[in-house]
Amino acid sequence: MSLSDALKLMPRRGLLDGPTAVQRLHRIEDALGSSLNGVRIYVKRDDLMSLGGGGNKLRKLEFLLGDAAAAGADTILATGGRQSNFTRLAAAAAARLGLTCEVVLSPLVPRNGDEYDRNGNILLDDLFGARIHHLPAGVNSTGFAQERFEELRLAGRTAYMATLGGSSPVGSLGYAACALEIQAQAKDLDIDFAAVVVPNGSSGTHAGLVAGYRALGLDTTRVQAYSVLAPVASATSTTVERANAALSLLGFEASLNSNDVSISGDQLGAGYGVSTPAMVDAVRLMASREGLLLDPVYGGKAFAGLLAEISAGRYAAGESVLFIMTGGIPGLYAYASDFLGAGHENPA
Ligand SMILES: *Cc1c(COP(=O)(O)O)cnc(C)c1O
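What follows is the structure, encoded as structure tokens:
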């Protein structure tokens, strides 16, 4: 069976407006000058979706909420960090579909104060009507969500558990479907992308793309990820495991191993949600040269990685790379002080 036909068998709730745009970054190419080495940089605008501020989690939620509907769920239980883009978009999608949403938020990042705790995504969780459970450090969020699931069941409700940034095998299907979308767009544009570049956090985005590439018979190592959460070895094994699980779900052979995924740990810095100077520069470059926004936790680090590898000569002159802009823009507001206090000089 083709990937396209296999995906059609999976329950799905439409949350996107159609394929997201692919655009070339001419102004950044100009700004990079000789360090561009003649590479063409394109972005896929997964930050540009009408629902809830958009972002990669909406692709996962199409399949997660399809699964939830098939299970007769009336409540979505989503877990994440306090500035989770996943819980924000789960809350928005639940609002759109007329479901109740409860979000379980954990302190995963060493930041606090109003800028971080009452702003950005957490403000939007509240506006989208989600009930927010704040967990103290050290409490297992999946365990808490399971208890809450049981409480809701006893109260006559049917909850659906959406944990791990939506990176379950079902959630990862969103990016297997995106691989198909990228293949069609590349054909339309007549471009053979040397790399498709993504951040790797909870790994479902990367895993879904790799599963999609494998199902399409394409080279899975052309999907280049930058870890923003786990060390490379564990990010690699998580990604392989999730990609194989997604392939099984679709009825394909689950034969991927660690040589089939390409992950760099160069941009992780001090860890998840901790800013790096290269991230700050990458966010500023994209904003000041293109008028586009990257987020500080994921896209800023991954784009910094792409720029570093382009200037190191990884890609040949004339090759095209596709960077997936995964959204997360509300997170910028929770990191304002890292940008404004950075004593930055604008790249002229
Ligand atoms: C969650 C997230 C990612 C990473 O996706 P994973 O599937 O968790 O690896 C990248 N960018 C943004 C903006 C995100 O919210």
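Residue 347, in numbering that gives the first Met the number 0, is where the sequence shown stops; the numbers in between run on with no holes. By construction, the Cβ of each residue, glycine as well, lies at the ideal position given by its N, Cα and C atoms.
Listed in chain order, the non-local C-beta contacts of E318 below 6 Å within the same chain comprise V38, A193, local neighbours out to five positions each way being set aside. With contacts defined as CB atoms closer than 8 Å, L88 and G65 fail to qualify as a contacting pair. A distance of 8 Å or more separates the beta carbons of M285 and K300.
Here the distance from the Cβ of K56 to the nearest heavy atom of ligand 1 is below 7 Å. Proximity to P109 across V273, A244, G13 peaks at V273, based on C-alpha coordinates. For E114, the three-state secondary structure derived from DSSP is helix. For H133, the number of other beta carbons within 10 angstroms of its own is below 16, and it is reported as exposed. L57 carries a helical assignment under DSSP once its states are collapsed to helix, strand and coil.
The count of Cβ pairs closer than 8 Å, one atom from the stretch 137-145 and one from the stretch 111-118, stays below three, leaving the stretches out of contact. Per DSSP, the continuous beta strand (DSSP E) segment holding L76 begins and ends at 74-80.
Taking each of E61, P10, P168 in turn and checking the Cα distance to A253, the smallest one comes out for P168. Under the Cβ criterion (8 Å, minimum of three pairs), the stretch 238-257 does not count as touching the stretch 178-194. Taken in chain order, the complete beta strand (DSSP E) segments of 3 residues or longer contained in the stretch 304-347 are 319-324. A straight line joining the alpha-carbon of L339 with that of G170 spans about 36 Å. E61 and L14 do touch by the CB rule: their CB atoms are close to 5 Å apart, below 8 Å. Ranked by Cα distance from G270, the first of Y297, L255, V282 is Y297.
With respect to the 8 Å criterion, A70 and Y159 are classified as neighbours on the basis of their beta carbons.
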